[in-house]
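J.: Dropping a structure here in structure tokens format, bear with me for questions.
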Amino acid sequence: MIAKPRVGVVTFPGSLDDRDAIRAVAFMGGEGVPLWHADHDLRGADAVILPGGFSYGDYLRTGAIARFAPIMNEVRSFAERGGPVAGISNGFQILCEAGLLPGALIRNRTLRFVCRVVDVRVETSLSPLTGGLVAGEVLQIPVKHGEGQFVASPEDLVRIEAEGLVAFRYCASDGGIDEEHNVSGSANAIAGVRNDAGNVVGLMPHPEHAVDPDLGPTGGQPLLASLLARALVRA
Amino acid sequence: MAPEPLHRALGLTDDEFERIRATLGRDPNRNELAMYGVMWSEHCSYKSSRIYLRELPAEGPSVLVGPGQDAGVVDVGDGLAVAFKMESHSHPSALEPYQGAATGVGGVVRDIVAMGARPIASLDPLMFGPLSEERNRRLFEGVVAGIGGYGNCIGVPTVGGEVKFAEPHSLNPTINVMCVGVAPVERLVTSTREVHEGSFLVLFGASTGRDGIGGVSVLASRTLEEGSEENHPSVQIGDPFAEKLLIEVSLELVARDLLEGLRDLGAAGITCAVSESAARAGLGVELDLDAVPLRAPDLEAFEILTSESQERMLAIVEPSKLDEVMEVCGRWGLASPVVGRLVAGGGLRVVMGGVTVADVPARSLADEGPEYDRPIAEPAWLTDLLEDDPTFTTVTAEPRDAFLAILSSPNVASKRWVFEQYDQLVQGGTVLGPGADAAVVRIEGTLKGLALSTDGKGRFGFLDPYLGAAHAVAEAARNVATVGATPLAITNCLNFGNPERSEVMWQLAGSIRGMADACRALETPVTGGDVSFYDESGTSAIWPTPVIGMLGLLPDHRFLVRPGFRPGHLVYVLGETFPELGGSEFAEVVLGKVTGRPPALDLERERALQQLLVEAARSDLLASAHDCSDGGLAVTLAESAIAGEAGFAIALPGDLPWYATLFSESASRAVVSIAPEKTDLFEAAASAHGVPFARVGETGGPRMVFDTWFEVAVEDARVVYEGTIPRLLAGVSLSVA
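One line per chain: the protein sequences are A and B, in this order. Following the working numbering, the numbering of the first sequence begins with 137 at its first residue and continues without gaps. Following the working numbering, the numbering of the second sequence begins with 657 at its first residue and continues without gaps.
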């Protein structure tokens, strides 16, 4: 029998979608391993998810305090060794704050929180969430965030695009990119990015809320399946 | 002019002051007076409503905890319990919409946690003045942002609630919040737990500040007048991050069986939590205010005693478990000082700086408040309104124009703009979110689905308080039955004007009778609720609005029925349509009238319809089902078409004029669609339940064809339906052609 891939899910104080990520990993056939922000141990995880929520209340700036949590030292060295790391929503914000991903996330252009199922276009296979997908595929996944507008300096944005670091974009159901479907008002409709090495990825949409057909669209399934496949290689 | 005596400034009458003196056998000091002021306030003591609230049926086979504790609790089988509660935060929201609404969410969530249950869903029934006024837009936007800002940050999905608009709610928006939680029955923290002399009182969570001093007596138990902005310090400030920690700590303490009792610190702060805990245990308390962590060092005793600082809870802990409790709180970074101890006798003795600053019988605060039988009188102005029945008015509007005007009226139109600002998905249990007849949330690890609906019928209640309340119960139960769930029990929030006015008390008395009759007939006992009085300015009260929060159960959530049409099915209207336009959306929007008698309600017919809907859902006979209410059959049909992106062609039977057929708001009706091969079975079931039914047409195509009267493209209707609220907020006036 093959061991189930172990996916660590970090709980920071104020994390909200941590249980949901563990449940989604289990739904897809993996084992979700709860990790605690104050610990120095990834408990043998083969992949790590930083989940959604409002870590430490996000009163200062989203993710700005969580990046200093003890567990983040372990996540950083895990990533440096090539371990697959995925940040979802607040987890994406934390990875940007920690310098593990380029760019930053600021308030949605509407200045309002938005919870809605959106279409997301995969832009690369070179990320731990998209290994099993090809660029151009369109997935239905919900977003729920107040600060999901991706921004970067003009030079960084050029580099992000030139080096193919964009992992996901908001799009129309046919994959077309336009401002109407750019739900957060992100630069170039960016919904998620990866790092240079292709083992760290962050995205604002919530794949863990799109795996169970009883609850709605299932666009998160291929993403988590890709993560589990990547984790299995390490297991 | 002599200064106002202190007791009056604290909201106590001269008679109440004398009563306190008699209880103590001496003059109360100012700390004690402040404690009585908050505990005997209308908000905490229910002194004007209690004699009526007793009429409500509170017993039922599934009720585990009825009124009187932090939340009602119902047994949903397999060892699981559901706690639910609704509260008002109207007054704070009128002054400071964001924080008022936010702390309303926080308060009711803590009520659920205090029962030992994990909060799994919130719903927010709201009423505002018309959005044509800038002030109302500001309140509306602020309240919605506050609910989202707090609710989204604590990881409890907001799955429903309704939003309505009416002029009488302009100065006094009605802001109610309902929260629902789940716990294993054996983990419930109810007042029947054994509490021991010598156990510690542990105050955990946020520190205590000057916010919300006397919120219940100054703010919630008086009308808001000009200049009430001075009451700003009485509005509390919320910290949802602290609340999230409080939830996790509380549930861990409960799961590890470390507590004898758990109380939320909400209205009346420490005084309420401590005095009620002591009174229930039949014990006294020694309370040490020096142990309470403070935000400002110079807080006086009466301020600490009555502060309504948010995100605090009180645990009763036996000495042997104290260390473990401290360890859990410490791991989550929460302060958890011991602030007192349960002692023999019934006294609540408060010490500060080594000096006794208050010493009163705990029961006198918690259980022995005043109770009033206030004068009631039917208002004279009602007669003319009732006689002006819009059902018999000459109607000059064109049918299509009337339809579009109603579909785009803010009451009827889509509330997507609101719901999208709420996290509907966190916890991964939301099977059916906002916008359907009822929300459905599954219980983790089971197939059970909880169906939840909140309903108020302000317009009906204004014209006939009895019928308004009865219709609200019937509609809430029907909404739950429409998705296929069996209605189990209700909570409620009674929103009314000044109880010192006889017409307001008449409205309350009628409403409670209506609620009681409907709850008895539909077998949905009342497990608790809240009363919000003084929702008026000058002598202009809000519409008397009991808001019902209904809990229903689907044994298997996969059998839930959604409202949207799919092509190729047959459309049925269930129930009978009568010429009943009194208090209808049609009368208000098309005729400009809120007059006439609300529709009649036959509770036996209502019950039969609901039983049919539930049985048909369990037998998988229904392709869609949608309750018929505001805007009548025309709106019900249009909403099903918009939700399913499928049109229809129907011919409605009967010889009523078009406007009565389309827009009458007769009770006990629903529109269902059924696959052709299931119609025989369905018709047999309907006949067996004695529910009148009519096959009126078919689903499919891009258009909605209403008999020979008019047709509208589904897409055009959707644009109108979804565009209303954003356009009103943008200050664009509506012109619907």
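Idealized CB from N, CA, C, for every residue including glycine. Just so you know, these numbers come straight off a predicted model, no measurement behind them.
#1: Which residue marks the beginning of the alpha helix (DSSP H) containing glutamate 942(B), and which one marks its end?
#2: Closer than 8 Å, Cβ to any Cβ of chain A: which residues of the stretch 1207 to 1228 of chain B, in chain order?
#3: 7 Å is my cut-off, CB to CB: does cysteine 928(B) come that close to chain A?
#4: Just the chain A side, please: which residues come within less than 7 Å of asparagine 687(B) by C-beta, in chain order?
#5: Thinking C-beta only, is glutamine 357(A) closer than 7 Å to valine 369(A)?
#6: Going straight from the alpha carbon of threonine 1039(B) to that of arginine 1253(B), what length do you get?
#7: What does tyrosine 1078(B) reach in chain A if we use C-beta pairs closer than 7 Å?
#8: My parser needs the beta strand (DSSP E) runs of 3 or more residues fully inside the stretch 1286 to 1353 of chain B; what are they?
#9: Go to leucine 1150(B), then tell me how far its beta strand (DSSP E) extends in each direction, as first and last residue.
#10: Hey, out of Gly925(B), Ala862(B) and Ser933(B), whose CA is closest to alanine 898(B)'s CA?
#11: Which residue comes first and which comes last in the alpha helix (DSSP H) that contains phenylalanine 1059(B)?
#12: Compare the C-alpha of leucine 955(B) against each of Gly1300(B), Pro713(B), Asp867(B) and Trp1037(B) and name the closest.
#13: Just tell me which of Ser855(B), Gly1231(B) and Leu662(B) has its CA closest to the CA of alanine 690(B).
#14: Check the Cβ of glutamine 1266(B) against every Cβ in chain A and list those closer than 7 Å, keeping chain order.
#15: For alanine 758(B), count the other beta carbons within 10 Å of its own beta carbon; 16 or more makes it buried, fewer makes it exposed. Which is it?
#16: For phenylalanine 190(A), go through chain B and note every residue whose CB falls closer than 9 Å to its CB, in chain order.
#17: On the three-state DSSP scale, how would you describe arginine 968(B)?
#18: Assign histidine 1225(B) to buried or exposed, taking buried as 16 or more other Cβ atoms, counted over all protein chains shown, within 10 Å of its Cβ.
#19: For the alpha helix (DSSP H) holding methionine 982(B), just list the boundary residues, first then last.
#20: Name the chain A residues whose beta carbon is nearer than 8 Å to that of glutamine 1083(B)?
#21: Can you check whether the CB of threonine 1292(B) is closer than 7 Å to the CB of valine 1203(B)?
#22: For leucine 943(B), which option in Val1016(B), Asp895(B), Val1217(B) and Gly1310(B) has the closest C-alpha, if you only look at C-alpha atoms?
#23: Can you find the residues in the same chain that come closer than 7 Å, C-beta to C-beta, to alanine 1369(B), ignoring five residues on each side of it along the sequence?
#24: For glycine 804(B) and chain A, any beta-carbon pair shorter than 7 Å?
#25: Return the CA-CA distance between phenylalanine 214(A) and leucine 998(B), expressed in angstroms with no decimal places.
#26: Are there 16 or more other CB atoms within 10 angstroms of the CB of arginine 912(B), so buried, or fewer, so exposed?
#27: So with Cβ pairs under 7 Å, would you call leucine 359(A) a contact of chain B?
#28: Could you list the residues in the stretch 332 to 351 of chain A with a C-beta less than 8 Å from some C-beta on chain B, going in chain order?
#29: Mind pulling the chain B residues with CB within less than 9 Å of glycine 193(A)?
#30: Which residue from Thr354(A), Glu283(A) and Pro170(A) puts its Cα closest to that of arginine 197(A)?
#31: Within its chain, find whatever has a CB closer than 8 Å to the CB of valine 1352(B); leave out the 5 residues flanking it on each side and keep chain order.
#32: Going by C-alpha to C-alpha distance, which of Phe1075(B), Ile1099(B), Thr1364(B) and Pro1181(B) sits closest to glutamate 1378(B)?
#33: If we ignore side chains and look at the alpha-carbon of each, how far apart do glutamine 755(B) and threonine 814(B) end up?
#34: Taking Cβ positions only, does alanine 140(A) come closer than 7 Å to chain B?
#35: I'd like the list of long-range same chain contacts for methionine 164(A), defined as Cβ closer than 7 Å, with 5 residues on each side in sequence excluded.
#36: Under 8 Å between beta-carbons, which chain A residues line up against valine 1087(B)? List them in chain order, please.
T.: This is what the structure gives:
#1: Segment 940 to 944 is the beta strand (DSSP E) holding glutamate 942(B); no alpha helix (DSSP H) there.
#2: His1213 and Arg1214
#3: no
#4: Within 7 Å Cβ-Cβ: nothing; asparagine 687(B) doesn't reach chain A, min ~34 Å.
#5: no
#6: 10 Å
#7: Cys251
#8: Segments of the beta strand (DSSP E) lying fully in the stretch 1286 to 1353 of chain B: 1304 to 1306 and 1326 to 1330.
#9: 1142 to 1151
#10: Ala862(B)
#11: 1055 to 1063
#12: Asp867(B)
#13: Leu662(B)
#14: Within 7 Å Cβ-Cβ: nothing; glutamine 1266(B) doesn't reach chain A, min ~25 Å.
#15: buried
#16: Asn808, Cys809, Ile810, Gly811, Pro896, Phe897 and Lys900
#17: strand
#18: Per the 10 Å Cβ criterion, buried.
#19: 978 to 987
#20: Arg155 and Asp156
#21: no
#22: Cα-wise, what sits closest to leucine 943(B) is Val1016(B).
#23: Pro1358 and Arg1359
#24: With 7 Å as the cut-off, glycine 804(B) counts as an interface residue toward chain A.
#25: 51 Å
#26: exposed
#27: no
#28: His342, Glu344, His345, Asp348, Asp350 and Leu351
#29: Cys809, Asp895, Pro896, Phe897, Ala898 and Lys900
#30: Glu283(A)
#31: Val1227, Tyr1228, Val1229, Ile1306, Ala1307, Leu1308 and Pro1309
#32: Nearest option by C-alpha distance: Phe1075(B).
#33: 17 Å
#34: Here the sequence assigns lysine to residue 140(A), which means alanine is not the residue at that position. For lysine 140(A), the nearest beta carbon of chain B is not closer than 7 Å to its own beta carbon.
#35: Val347, Gln357, Leu360, Ala361 and Leu364
#36: Asp350 and Leu351
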